[in-house]
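As structure tokens, the structure follows; a few thoughts come after it.
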Amino acid sequence: MSLENLYPSPVFKDYLPIEYRDLVEHGPYTNRGGKDKQTVKVTDMGKFKEVIEEHPMCAGCAMTLFIRLVYIGMPNPEHTIVVGTAGCGRLAISQASVPFIYGNYGDTNAVASGLKRGLEIRFPNQKKDVVVMAGDGGLIDIGFQGLMHSWFRKEKFVTIMLDNEVYGNTGGQESGMTNHGKVLKMAPRGKFGDKVDALGLAKVAEVDYICRLAPTNPARVARTVRRAIMVAREVGHSYIQAYTSCNIEYSIPTPDVMKDAFEIEKERYGFEEIISPRAKEYLDEIEKKAKKKKSDK
Amino acid sequence: MLIQDNLILTRSNPSGQGGTQFLYRVKDYGLTALSGPQEEISMIHWEVEIIKFTSQKTAEFEVCHSTELADKTLKFYTDKSLNEFLQKAFQYFEELDTLEKMLPQES
Amino acid sequence: MANVKGAAVNRTAVDEGKPADWIPGTERQTVVDPMEMFHKLPREKQFITGSEAARESMRRANIDIAIAYPITPQSESMQQAGYLYDEGYIKEYYRAEEEIGTFSAISGASRAGVRSLTATSGPGLMRGMEAISSWPGARTPIIMLNMCRVINTPLAIQPDNIEMSFMLNTGMILLHAENQQDFYDYPLAAIMASEQVDVTLPACVSTDGFFVTHARGPVLITPEEFKLPPRDGWRSAVPAMDNENPPARISRDAPIQKSNFISYHMHSSWQQEVFAAVHRSAKYFRKYLGGLIEVVNPGAEEFIIASGCAVSQAREAVRQEGEQGRTVGLIKIKTIRPFPIAEIVEAIQGVKRILVPEFNQAGWLHKELCAVLYGKSTAVIKDGPRVYGGMTMPTEMVLEALADFRKEVP
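Residue numbers (our numbering), protein chains in the order written: chain P, 2 to 298; chain F, 6 to 112; chain B, -7 to 402.
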């Protein structure tokens, strides 16, 4: 989208809701500073207008924090389309001022494959970023086939798994990403089998940028999202797997949500980045350029 | 494409199996050329019957296996080979008609 | 070739694995007005299979992307689409993982604002039905070719068009091609109709597998140097998902988030609009196809009403009845959705008997006719002959059904 589309005509400006004026005047679109460089800082969260707000997520939901960080990390939200599916995440994602395709359950990676290829045909001179953001059930269970094949085909978009290790939106059933033995709905005797090693599958599929993380370090989340999107633009597929706990179904007291994130990160969800040589070469190149620009100033 | 001379009717395969049937007529004789469906498209071919019409006004006919042209259903794998056959057959039907007219008429 | 490194934008001939001076087929074609293509351009007669007719249709359709999963009897056409991609007549193409993946991906492509084509047959259609049934609501003008075959147990690959009954109430445009000629003409017309602003709907062109796809028939085709105008992604009932429009909280996709009165209203009004759009497409098919129906022997006392291959069998029966001095009328229904109620009602004024032959067990066309003609005609509407599972419908069968019908309803 040319940013002009976002800016209201001066005549109408005064009649627009304050939220909209804030978005275009103080949001991540205008705060950019340079074409590819984002100057909206994660540490300023709460001080500028985000592209997402007024979501109906549960109080204390870690997934919400993570989703907000994803939008802050987007290098070009004005040229991004998000694809999602049923699940808690979409309640927040659909409130963003970034187009959101809410398809059938489990269809995200197939829809994104067609969408990305279609956008490449229609806008040969404008990079359009496609980001799939869906839950663990939507990707690893019902969407498994589409997920795997988009990886094998090296489709140029990003898949972000919001891994709350449960079907939160339908009321707490175990999913493929639930840990072994965990008692949840539809697993009255405890989850049979292990948590699916999605990261391992991504490695086997030779996904170019793979990252596992918990939302414990907001700046790192935003950086990871940016890296994933840049790799998907130029190199191949990117996969981010984020621990986004469900404080309701896992009975985590609201004030302890971040404490849980730190504990789980330490125990089994440590930050891990796996980058293919060609993706690394590309990231080194653009990050070096960015550093040089900074030092030139 | 088959030659269109003496073509009196193009219709879908009347047996209902799909494909197209061409009816050629020269006087009282003629032939049907049927191209039916095949599971492998490369196997599509022509099935040709020599026929004798039973009515002057309609396209009703009987299969005729007693001419010198054929005593069975013929198969052709290309339009070209069938077209060559059609030319010969048309000439043969003309001659056959002349010969039959020379025979004493049954009372 | 979207997975070629660095080849995402401005791909060159070399990126496509071609010599540097390669010119894609589509760039050698000239755009013509659809009405000129459908009614004015000279046509050459070829004797080709339905699959080949589909290929020639696709060659002239200015398709941006084709995605499909192979299934008999569709495979023949979609591998031909692969050759068209290689020749540069289709810009993007891939074999998807299966049909849910196929039909989801093609909806993504269509949402990007490009002309998107897919194809399938019976069981594949059923597998992808969830995705298909969401296309109309998403207002994605996808073109789907459907080569009908058996869907139910015992498994068979034979022609049988029961699968069309599952598409009647999806909100899709649905055409039924009688023969190879229709399978060339209908996709082109369906594309142009489906992309009109007041339509913006997916369209399916069905034909009976094998009988049409794997058999040759005469087809009049337009010169290959002419193609349809491209899809204009900016011209649509709803904006493409390209982020080229002012932001909306939830643009395009029906925002049925939770159960509340707003969502009920939104869903119902959205669906009403989808089905209204199906009706609005009729005027385009009247222009492009010269009518939604074809009537043979208007004014006859008895009529056969049919679609697809059953029309061909009925046509021959009508001809043979004519040889015997009996005039039997025939109505060929070209568009199943929009269903041509007004045209049929007008054509059957004063008719006593209507026979509806079909290639499926359900008799969906007979049921449809009974429903829409209720109170509008005094004719007795009889189903038959009905064959399925690959059974054939010889002309004699239609003639016998007509004879029996005359005895039952003198």
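The beta-carbon is built from N, C-alpha and C at its ideal position, and this holds for glycine as well.
Remember, it's a predicted structure, so these values are computed and weren't measured experimentally.
- Leu394 of chain B carries a helical assignment under DSSP once its states are collapsed to helix, strand and coil.
- At the C-beta level, Gly139 of chain P and Tyr106 of chain P come within 8 Å of one another.
- Under the three-state reduction of DSSP output, Thr112 of chain B falls in the strand class.
- Taking 8 Å as the cut-off, the Cβ atoms of Phe98 of chain F and Gly35 of chain F count as close.
- In the DSSP assignment, Met162 of chain P forms a beta bridge with P:Ala135, P:Gln242.
- By the C-beta criterion, the region 110 to 128 of chain B is judged to be in contact with the region 148 to 160 of chain B, since at least 3 inter-stretch pairs fall below 8 Å.
- Identification of chain B residues near Glu79 of chain P by a Cβ-Cβ cut-off of 7 Å yields Asn235, ordered along the chain.
- Shortest Cα-Cα distance from Gly90 of chain P to any of P:Ala291, P:Glu166, P:Ala223, P:Ala262 involves P:Glu166.
- The DSSP-derived three-state label of Asp84 of chain F is helix.
- Put simply, the backbone Cα of Pro222 of chain B is about 44 Å away from that of Gly169 of chain P.
- Restricting attention to F:Asp102, F:Leu28, F:Ile55, the CA atom closest to the CA of Leu74 of chain F is found in F:Ile55.
- By the Cβ-count criterion, Asp130 of chain P is buried, with 16 or more other Cβ atoms from all chains shown falling within 10 Å of its own Cβ.
- Legend: CB atoms of the region 88 to 113 of chain B lying less than 9 Å from CB atoms of chain P belong to residues Ala88, Glu89, Glu90, Ile92, Gly93, Thr94, Phe95, Ser96, Ala97, Ile98, Ser99, Gly100, Ala101, Ser102, Arg103, Ala104, Gly105, Val106, Ser108.
- Contact check for Ser252 of chain P and Ala262 of chain P: beta-carbon distance about 15 Å, past the 8 Å limit, so the pair fails to qualify.
- Ala104 of chain B is positioned such that its CB atom lies no closer than 8 Å to that of Ile59 of chain B.
- In chain order, Ala309 place their CB closer than 6 Å to the CB of Leu391 of chain B, counting only its own chain and leaving out the 5 sequence neighbours on each side.
- One thing to note: Gln72 of chain B has its Cβ no nearer than 8 Å to the Cβ of Ile213 of chain B.
- Counting every other CB atom within 10 Å of its CB across the protein chains shown gives Trp51 of chain F a total of 16 or more, marking it as buried.
- Put simply, the CB of Ser246 of chain P is far from chain B, with every gap to its CB atoms at 8 Å or more.
- According to the DSSP secondary-structure assignment, Asp375 of chain B is paired through a beta bridge with B:Val348.
- The alpha carbon of Asp25 of chain B has as its nearest neighbour, out of B:Ala181, B:Gln150, B:Pro146, B:Arg47, the alpha carbon of B:Ala181.
- Flagged as an interface residue toward chain B: Thr15 of chain F, by a C-beta distance shorter than 8 Å.
- Taking the CA atoms as reference points, Thr319 of chain B sits about 7 Å from Asn289 of chain B.
- Looking at the backbone, the Cα of Leu87 of chain F and that of Asp396 of chain B are separated by about 40 Å.
- According to the DSSP assignment, Met136 of chain B belongs to the beta strand (DSSP E) that extends over 135 to 140.
- Residue pairing from DSSP leaves Leu70 of chain P without any beta-bridge partner.
- Note that the region 221 to 228 of chain P touches the region 69 to 80 of chain P; at least 3 beta-carbon pairs, one per stretch, sit closer than 8 Å.
- For a Cβ distance threshold of 8 Å, residue set Thr41, His206, Ala207, Arg208 of chain B lies close to Ile49 of chain F, ordered along the chain.
- DSSP, read as helix, strand or coil, puts Asp130 of chain P in strand.
- The beta-bridge partner set that DSSP reports for Ala58 of chain B consists of B:Tyr85, B:Leu109.
- Contact check between the region 168 to 180 of chain B and the region 193 to 213 of chain B: three or more CB pairs, one atom from each, fall below 8 Å, which counts as touching.
- Inter-segment contact for the region 15 to 24 of chain B and the region 179 to 197 of chain B is absent: fewer than three beta-carbon pairs are separated by less than 8 Å.
- Collapsing the DSSP output to three states places Ser60 of chain F in coil.
- Residue burial is scored here from C-beta neighbours: Arg87 of chain B has fewer than 16 other C-beta atoms within 10 angstroms and is therefore classed as exposed.
- Within the region 122 to 151 of chain B, the residues whose Cβ lies closer than 7 Å to any Cβ of chain P are, in chain order, Glu122, Ala123, Ser126.
- For a Cβ distance threshold of 8 Å, residue set Arg16, Ser17, Pro19 of chain F lies close to Glu308 of chain B, ordered along the chain.
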